[in-house]
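>
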Amino acid sequence: MRRLNGFRATLLGALAFAAAASAVQLPPPIELPKPKLDNTTTLIQALKARKTGREFAPDALPLQTLSDLLWAAFGVNRDDGRRTAPSAKNWQEIDIYVALPQGVYLFDGKAHALVGVVAGNLRAATGMQAFVKDAPASLVFVADLARMKDASAADRDLYSATDAAFISQNVYLYCAAAGLTTGVRGYVDRPALAKAFGLRGDQRIILAQSVGYPKK
Ligand SMILES: Cc1cc2nc3c(=O)[nH]c(=O)nc-3n(C[C@H](O)[C@H](O)[C@H](O)COP(=O)(O)O)c2cc1C
Numbered sequence: 148m149r150r151l152n153g154f155r156a157t158l159l160g161a162l163a164f165a166a167a168a169s170a171v172q173l174p175p176p177i178e179l180p181k182p183k184l185d186n187t188t189t190l191i192q193a194l195k196a197r198k199t200g201r202e203f204a205p206d207a208l209p210l211q212t213l214s215d216l217l218w219a220a221f222g223v224n225r226d227d228g229r230r231t232a233p234s235a236k237n238w239q240e241i242d243i244y245v246a247l248p249q250g251v252y253l254f255d256g257k258a259h260a261l262v263g264v265v266a267g268n269l270r271a272a273t274g275m276q277a278f279v280k281d282a283p284a285s286l287v288f289v290a291d292l293a294r295m296k297d298a299s300a301a302d303r304d305l306y307s308a309t310d311a312a313f314i315s316q317n318v319y320l321y322c323a324a325a326g327l328t329t330g331v332r333g334y335v336d337r338p339a340l341a342k343a344f345g346l347r348g349d350q351r352i353i354l355a356q357s358v359g360y361p362k363k
């Protein structure tokens, strides 16, 4: 009898696990094309054009643009795996989550690919302002505190914020050079977004950034 109860408990556990697993829908991965690094805008032109925008046309970002944007943001730019933005102690602790109309993805800089995280349109959840839902892509910069080995709590706070800011400025400059609109955002309901993205306790949302085409 005891053995039967044990079997039943195991079966119930397995069924509960299967139900939970099927509830989490992962969007299929997106293969990004190789970044096309032939934009001829000068750095000075991009700096002159850099600004925060909050009005977006509904057009989706083509995959090539998404690829170029993410490479500029925090892609690998050297053979040793280092990136377009610096990071304290080369921790590379900032992950870029990308909320698109069909789902949320994690940018894998090394593979230059987008890995599915959550299916569905969670763009509105990445901010607390009305325009946030209109941008075709919302980037969310998330620090993985587990990668900041041996850092004090104060250093984790300081460096995760600075490292995310470098990435944000790369996004600003890429957008200025590519004729896109972008705006970085700190006004985010972090606990709600962490839950929606299924983040771990040692991941911290730093900033979000909307990207899209200017409204006509
Ligand atoms: C850390 C940080 C947080 C920001 N948070 C928001 C925000 O939540 N919402 C928003 O609309 N703009 C936000 N901004 C954008 C600023 O309002 C904007 O950069 C500022 O008004 C200067 O405008 P400019 O970027 O066009 O020079 C933020 C900027 C920074 C640097």
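Count the sequence shown with the numbering used here and you get residues 148 to 363, in order. We treat Cβ as the ideally placed atom computed from N, Cα and C, and that holds for glycine.
Under a three-way DSSP split, which group does L184 fall into?
Here residue 184 is taken as the residue at index 37 of the sequence shown, counted from 1. The answer is coil: DSSP assigns L184 none of H, G, I, E or B.
> Run the CB neighbour count on D227, radius 10 Å, all protein chains shown included, and call it buried at 16 or more, exposed below.
Numbered from its first residue, the sequence shown carries residue 227 at position 80. Exposed, by the Cβ-count rule.
> From the DSSP output, which residues share a beta bridge with F132?
Lying outside 148 to 363, the shown extent of the chain, residue 132 is not represented and no answer is given.
> Between which residues of its own chain and H259 is the CB-CB distance below 8 Å, once the five residues before and five after are set aside?
Counting from 1 along the sequence shown, the entry for residue 259 is found at position 112. Counting only Cβ-Cβ distances below 8 Å, and skipping sequence neighbours, we find L179, K181, P182, S214, L217, W218, G222, V223.
> For P174, name the three-state secondary structure that DSSP assigns.
Along the sequence shown, read from residue 1 onward, the residue named residue 174 stands at position 27. Residue state, collapsed to three classes: coil.
> Can you tell me whether F344 is buried or exposed, with buried defined as 16 or more other CB within 10 angstroms of its CB?
On the sequence shown, residue 344 is found 197 positions in, with the first residue counted as 1. Classification for F344: buried.
> What's the gap between the Cα of R337 and the Cα of D281?
Indexing the sequence shown from 1 puts residue 337 at position 190. Indexing the sequence shown from 1 puts residue 281 at position 134. Going from the Cα of R337 to the Cα of D281 covers about 20 Å.
> So, using beta-carbon positions, are P361 and T328 closer together than 9 Å?
Counting from 1 along the sequence shown, the entry for residue 361 is found at position 214. Counting from 1 along the sequence shown, the entry for residue 328 is found at position 181. Contact flag set, yes.
> Check whether the Cβ of Y252 sits closer than 8 Å to any heavy atom of ligand 1, and report yes or no.
Taking the first residue of the sequence shown as 1, we reach residue 252 at position 105. No - ligand 1 has no heavy atom lying nearer than 8 Å to the Cβ of Y252.
> Quick one: any contact between the region 267 to 276 and the region 310 to 317, if contact means 3 or more CB pairs under 8 Å?
Result no; under three Cβ-Cβ pairs closer than 8 Å.
> Tell me where the beta strand (DSSP E) around L286 begins and ends.
Within the sequence shown, the letter at position 139 stands for residue 286. Segment 284 to 291, the beta strand (DSSP E) holding L286.
> Reducing DSSP to helix, strand and coil, say where L217 ends up.
One-based indexing of the sequence shown puts residue 217 at position 70. Helix.
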